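Numbering (this note's numbering), first residue to last: 56 to 305. Heads up, the thing below is written out as structure tokens.
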Ligand SMILES: Nc1ncnc2c1ncn2[C@@H]1O[C@H](COP(=O)(O)OP(=O)(O)OP(=O)(O)O)[C@@H](O)[C@H]1O
Ligand SMILES: [Mg+2]
């Protein structure tokens, strides 16, 4: 569905050139859950911004469904790292932002949103403002907003990074439910090794900046996954070793 080949990007920081992405290759198949795991500041968000079409790479090629494109703009739902909800809109109004901007049938969008609020355990909070919701609730609203774009490819940038472990594991369940039921394809950014292994079919481990693919790990385990299972622990150790190796080099 998505293929990136030789993506390079440099920026100027304090007037000095800084290489962020150094020839990155990556593939996400239809219906796959793929994680990008990499140290803080390595260039993960930069890469998602390139795929979403917010910035342009210096070189490299992007293919979407087999066709070369300049970006996937218009084809992806992007949940950005600091995806704050609009404070002056209620939770439901935030959730239906996508259909509203597209000029779609609002009555239908509201109806769909209400169904999802129910499903995500947010029933009764439709008319609350973001400031009245917990962090986990806000992320669920943002996830519903992402779903209501109707796109099949999701780019999710550390959506659960700021949540406590318990809330995060609840949200993992919601996300996997959505992934399976609505047949989505997900490119998921995280710097949490265990989160990557719990969720993904494949994990791309990136090097420290400038980012390249250091390793690609398949996770052939059925979901929901059990952290205590020997196969899970083996994969975790292997990934941990690769991460440590990278941190040493950096
Ligand atoms: N607009 C910008 N101006 C200056 N520097 C930038 C800009 N965008 C990114 N950078 C730098 O580029 C590097 C990569 O940033 P990026 O946000 O892609 O990293 P990241 O892997 O998403 O990090 P994190 O895990 O902390 O979110 C960082 O060193 C960052 O400081
Ligand atoms: Mg980032």
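For each residue, glycine too, the CB sits at the ideal point set by N, CA and C. The structure presented is a predicted model; accordingly, all values stated were derived computationally and were not measured.
I need the straight-line Cα distance from residue 143 to residue 107, nearest angstrom please.
26 Å
For residue 224, report the span of its alpha helix (DSSP H) as first-last.
220-236
Given residue 246 as reference, the closest of 279, 302, 111, 181 once Cα atoms are compared:
302
Mind listing, in chain order, the continuous beta strand (DSSP E) runs of no fewer than 3 residues lying wholly within the segment 60-133?
71-83, 88-92, 114-119, 122-124
In three-state terms, what does DSSP make of residue 172?
helix
DSSP beta-bridge partners of residue 215:
Answer by DSSP bridge pairing: none, since residue 215 is not bridged.
Can you tell me where the beta strand (DSSP E) with residue 273 in it begins and where it stops?
268-273
Paired residues, beta bridge with residue 258 - DSSP
90, 272
Range of the contiguous beta strand (DSSP E) that encloses residue 151
Unbroken run through residue 151: none, as it is neither H nor E.
Would the beta-carbon of residue 183 fall within 8 Å of that of residue 145?
yes
Cα separation between residue 296 and residue 289?
11 Å
Is it true that the CB of residue 259 sits closer than 8 Å to the CB of residue 91?
yes
Is the distance from the Cβ of residue 130 to the Cβ of residue 118 below 8 Å?
no
Measuring only the C-alpha atoms, how far is residue 220 from residue 227?
Each residue's Cα considered, the two are about 10 Å apart.
According to the neighbour-count rule (16 or more other Cβ atoms, all chains shown, within 10 Å of its Cβ), is residue 277 buried or exposed?
exposed
If you follow the beta strand (DSSP E) that residue 203 is part of, which residue opens it and which one closes it?
First-last for residue 203: undefined, no H or E at that position.
Helix, strand or coil: how does DSSP classify residue 210 here?
strand
Would you report the Cα separation of residue 139 and residue 157, rounded to the nearest angstrom?
20 Å
CB of residue 99 to nearest heavy atom of ligand 2: below 7 Å?
yes
Helix, strand or coil for residue 280, going by three-state DSSP, please let me know.
coil
Suppose you measure from the CA of residue 159 to the CA of residue 128; what does that come to, to the nearest Å?
19 Å
Kindly indicate which three-state DSSP category residue 243 falls into: helix, strand or coil?
strand
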